[in-house]
Structures are given as structure tokens and as C-alpha cells.
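Take a look at the structure set out below.
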Amino acid sequence: MLDGFQAGLSWITILRKREAFRKAFAGFVPEVVAKFGEKEIEAMLQDAGIVRSRAKIEATIGGAKAYLKMQEAGEDFSAFVWRLAGGKPIRNEGAVPAKTALSEEMSAALKKRGFKFVGPVIVYAWMQACGIVNDHSPDCFRRNAVRKGKTS
């Protein structure tokens, strides 16, 4: 969710606002966010603690609805994205791309399901954040821990 808000802004700006986003979006619980209406949108547009973009707020609410629609249709979101990724984390060597053929494919698949603010660059950043892609350089102290699934 935060990846969509990051579009056009620095990551540090978004990360500093993370707790305010968590509060504004009801702990990121899709069943709650999907029910947000104009009242909640207007409140968020007045909340200096988050990025006050109507398009991004509405896209997040729409994303919660799209996620729930997938569930209702029997399509597990995690299984969907991991299936596209080939079922295991991708380890890159060398230069870190802004987007890949996979992020373009995933972006198109997400848009087809009703998600917005999911262009291939945003999707690639999300893939990094959730561990689908490990772009830590070979000499990075975190590379092996991430590869082994250790997050702390």
C-alpha cells in the first residue's frame, strides 16, 4: 500500500509517515478499508500525517476492494503473485533495475484485477519490499539473511 503513495516522492518521506498511514487506513485491514467512503476520504485529505492525494487514497480503497474480490472469487493474492514470480524469490546480481519484464507482467495482471497505482516501477519496489526479489549486493551483510527468510 505504501508503495503506491511513494510514487513521485522519496521513500524517507513515506517511511516517516508510516504510523500515520497505519492509523488512517485502519491498520491496513482490507475488510475495513474497502468500506471507506467520502467521509473517511475527506478526513484523510485533512490529515497532515499522510500524503494527501485523493487519487492515491481512492486507489488504496479500490485496492482493498480488488483484493477482497479476488478472495471472494477463490483467488489467493499471495499464491497469485508467487505464481507469477515462479514460486521462489529471485536473486539478482549486479545493477538493480527500476522495473523488469516480471514487474511489467505483474503490473498488467494487477491492473486487470482493478488495482491502481501499480505501474511496473512501483510493482518492482513492492516485489523488493515483500521478498519476491532480493537485490542486496553479494557483499551486503543482509543478502544471506534475506535469502534465508530472516527479517530481523
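Residues 31 to 182 in the numbering used here are what the sequence shown lists, from first letter to last. Glycine residues also receive a C-beta, built at the ideal position from the N, C-alpha and C atoms. Just so it is clear, the structure is predicted and the values come from calculations on it, not from any experiment.
Query	Result
Reference F35; option with closest CA among I80, Y154 and K142	I80
Straight-line gap, A175 to P119 (C-alpha atoms, nearest Å)	13 Å
DSSP beta-bridge partners of V59	In the DSSP output, where bridge partners are listed per residue, V59 has none listed.
Residue of L132, V126, A103 and G104 minimising C-alpha distance to G117	L132
Same chain only: Cβ atoms within 7 Å of K86, ignoring 5 sequence neighbours per side	G34, F35 and F147
Supposed close pair V153, M136 - CB separation, criterion 8 Å	5 Å
Segment contact flag, the segment 99-112 with the segment 65-81, C-beta cutoff 8 Å, min 3 pairs	no
Own chain partners of R172 with C-beta closer than 7 Å, once the 5 adjacent residues on each side are dropped	H166
Given V111 as reference, the closest of A125, Q158 and L45 once Cα atoms are compared	Q158
Reference E61; option with closest CA among G93, I162, A138 and W156	G93
Bridge-paired residues (DSSP) for V163	I120
Nearest neighbour of V59, chosen from R84, L75, K95 and A115 [CA to CA]	K95
Pair within 7 Å by beta-carbon distance, I162 and A115	yes
Option nearest A37 by Cα separation, candidates P127, W156 and L75	W156
Rounded separation between F55 and D77 - CA only	12 Å
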